[in-house]
Every structure is written in C-alpha cells, then in structure tokens.
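J.: For reference, the structure I am asking about is given below.
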Amino acid sequence: MKISKHRIIEKTISWLRFGFLSLTIAGVSSGGMAAEEAGEDKQLTALITGANRGLGLAFAEKFVEAGYHVIGTARKPEEATELKEAGAEVMALDVTNDKQIEALATKLAGRKIDLLINNAGIFPKSNDRETMMKTYSVNTLGPYFLSEALIENLKLSPAPKIVNVSSQLGQLTNGQGWAGGYAFSKAALNMVTRNLHSSHRNEGMMVISIHPGHNKTDMGGDGAPLDPTHTAAKLAELVEKLTPDHSGKFFLYSGQELDW
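Taking our numbering as reference, the numbering of the sequence shown is continuous, increasing by one, and the terminal residue is 265.
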C-alpha cells in the first residue's frame, strides 16, 4: 500500500507535536518537583538542646513562630508535651552520652541544619568533685561533642550558626567567685566557642557564646527579672543579624558584645 508524501508529512508533524508535548509535561513535572524540593530545602532548620522546658522551650517556640523547622531534644522525649505542642520535631538526647550523640547524628545524616543552639545545661547545688565533673560534662563537653558530630549537617547550610548558651558568671574579667562548678564550666564553654570558631571559620561557620540573662525558669527561679519569651525574641533578632565578623565572640542575648 502506498502512502502519499502528504500523509507522511502529517504523521511526522503529529509525532513531533506529541514528542514536544511529552517533553513539556515531563519538564513541568520535574520542574515542579525540583521547585518543591528547593522550597523544602529553603526552610531553615534549628536544632535546640534541652528544649523541653525553660529557655530551651522558649527558644523552640520562638523559632517555630519565625518559620524554622525546629528539632528539639530532650532526655525524656515522651514527656516533652509542650515542645510537641509548639510544633517541634522531638528527638531523644542526653548530651553526656556519646552513643546518643552518635545515634542522633546518624538519624540526621544528610539533613541540613542552619542553627544549632547548645542550650542544655545544669546549675549544681553543690561543688564536690563528682558534681563538678557532671556539670562540666553537661555544660562544656556536651556542646563540643554535639557540635562536632553535626558539623556535616551544618555545612549543608549556606550560613551555618552555632550558639552556645553560656553565662556572664563564666567571664574571666567579671568573675564573681560564688558559682563554683557552674562558672568554671561556662568559662570553659567560652573556650569551646573559640575553638569551634578557629577550627571551622574557613567553612563559613559562625560560632558565638551568649549570656541569656537571669530568666524566670526552674534554674533562674521565680524572682528572676527576665521573661524567657522576651529573651528568646531578642536572641532570634541577634541570630538573624549574625555575620562571619561576629564569630568567635561573646554576646548578651540582646546583642551587646561582652568581654571574655
């Protein structure tokens, strides 16, 4: 059977149109998926330790409100009711437990973290050797080992930030001499900040210590002058303004630079 040249041309045009339409649909589809993935990646993620109460909870609530995806850690995640209600993703972590730090890092492998707030801390009621060692393990070594464990996650961010919640009681220039192990651990935490800054500044990491002030929390007591919600709002403003020039420094929660 003979097919006319006119018929061949019609079929060719038809197939070309079909192919172009298929490519267009595929392009739109893949473009939509890429855009969706890019949209997800654009959302900032903050990981906050000790986020089930006090300042940590206030930080989590504030950064959720600011549009972050917040990962809040707690030693007993099943009891972190308010943290879950705030909209945070809750994960188990005891910052003194290397296996739990490793397990958290494994669980988060490949996930971008834009902001790490090392907030978990304790204020000891005594200053015997055993208590001081525990305080040092929580307040100083916990932030160091967790930060190093999550460095690859932070490097996925275009502007990675680590905030170590320290204290003015750890200032060498303003040491008040009464806080014992807590003050020692916070002075050492400030050196952790300097170390992380020096080790990772060429990777774009911004690392600071902050003094959050005296807040109405279980640690600070009901008579404290500051409200955690106010402190969290000011910290969010500080974090937003951070640049590499701020890295390796010590700040009041409101943004004023402090001496070491």
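Glycine is no exception: its CB is placed at the ideal position from the N, C-alpha and C atoms. Computed from a prediction, not measured in an experiment: that's the story for all the values here.
Using alpha carbons as the reference points, say which of K130, G72 and K117 lies closest to A184.
T.: Ranking the options by Cα distance to A184, first place goes to K130.
J.: What are the complete alpha helix (DSSP H) segments, minimum 4 residues, inside the region 98 to 142?
T.: With a minimum length of 4 residues, the continuous alpha helix (DSSP H) runs that stay inside the region 98 to 142 are 103 to 112 and 134 to 141.
J.: Do you know offhand how far R116's Cα is from Q173's?
T.: Approximately 33 Å between the Cα atoms of the pair.
J.: Measuring only the C-alpha atoms, how far is A238 from Y187?
T.: Computed Cα separation, rounded: 25 Å.
J.: Hey, is the region 132 to 148 in contact with the region 60 to 67, meaning 3+ C-beta pairs nearer than 8 Å?
T.: With the cut-off at 8 Å, the region 132 to 148 and the region 60 to 67 do not touch.
J.: Considering only C-alpha positions, which residue in the set T248, G218 and W265 is nearest to S259?
T.: Comparing Cα positions, the closest option is G218.
J.: Please report how far the alpha carbon of F256 lies from the alpha carbon of N179, in whole angstroms.
T.: Spanning the two alpha carbons is a distance of roughly 14 Å.
J.: Please list, in chain order, all residues of the same chain as V69 whose beta carbon is under 8 Å from its beta carbon, the five residues on each side excluded.
T.: Hits under 8 Å: V75, A91, G92 and A93.
J.: Which value, in whole angstroms, describes the spacing of the CA atoms of N207 and A125?
T.: When rounded, the distance between both Cα atoms is 27 Å.
J.: When burial is assigned at 16 or more other CB atoms within 10 Å of the CB, is A85 buried or exposed?
T.: With 16 or more other Cβ atoms within 10 Å, it is buried.
J.: Work out the CA separation of A108 and T248 for me, nearest whole Å.
T.: Cα to Cα, the separation comes out at about 31 Å.
J.: Alpha carbons only, please: which of K47, N158, D119 and S171 is nearest the one belonging to Y141?
T.: For the residues K47, N158, D119 and S171, the minimum Cα distance to Y141 belongs to S171.
J.: Could you give the DSSP three-state label for A51: helix, strand or coil?
T.: Correct three-state label for A51: strand.
J.: Ends of the beta strand (DSSP E) at A63?
T.: A63 -> not in any beta strand (DSSP E); alpha helix (DSSP H) instead, spanning G59 to E70.
J.: Identify the residues that DSSP records as bridge partners of T78: which are they?
T.: According to DSSP, T78 bridges with M96.
J.: Can you tell me which of the three DSSP states K89 falls into?
T.: Here K89 sits in helix by DSSP.
J.: Under 6 Å Cβ to Cβ from D119, same chain only, skipping five residues before and after it: list those, please.
T.: L49, T50 and S162.
J.: For a test of the three-state rule: what should DSSP assign to E179, helix, strand or coil?
T.: First, the residue type needs correcting, since residue 179 is Asn and not Glu in the sequence shown. In the structure shown, N179 sits in coil (DSSP, three-state: anything other than H, G, I, E or B).
J.: Compute the beta-carbon to beta-carbon distance between L263 and H216, rounded to the nearest angstrom, for a pair I have assumed lies under 8 Å.
T.: That belief holds up - the Cβ atoms of L263 and H216 are roughly 6 Å apart, short of 8 Å.
J.: Which partner residues does I213 have in the DSSP bridge list?
T.: V168 and K254.
J.: Around the Cβ of A79, are there at least 16 other Cβ atoms within 10 angstroms (buried) or fewer (exposed)?
T.: So A79 ends up on the buried side.
J.: Quick check on L52: buried or exposed, where buried means 16 or more other Cβ atoms within 10 Å of its Cβ?
T.: It is buried - the Cβ of L52 has at least 16 other Cβ atoms within 10 Å.
J.: Give me the residue from L243, S214 and T234 with the minimum Cα distance to G253.
T.: Of L243, S214 and T234, the residue nearest in Cα terms is S214.
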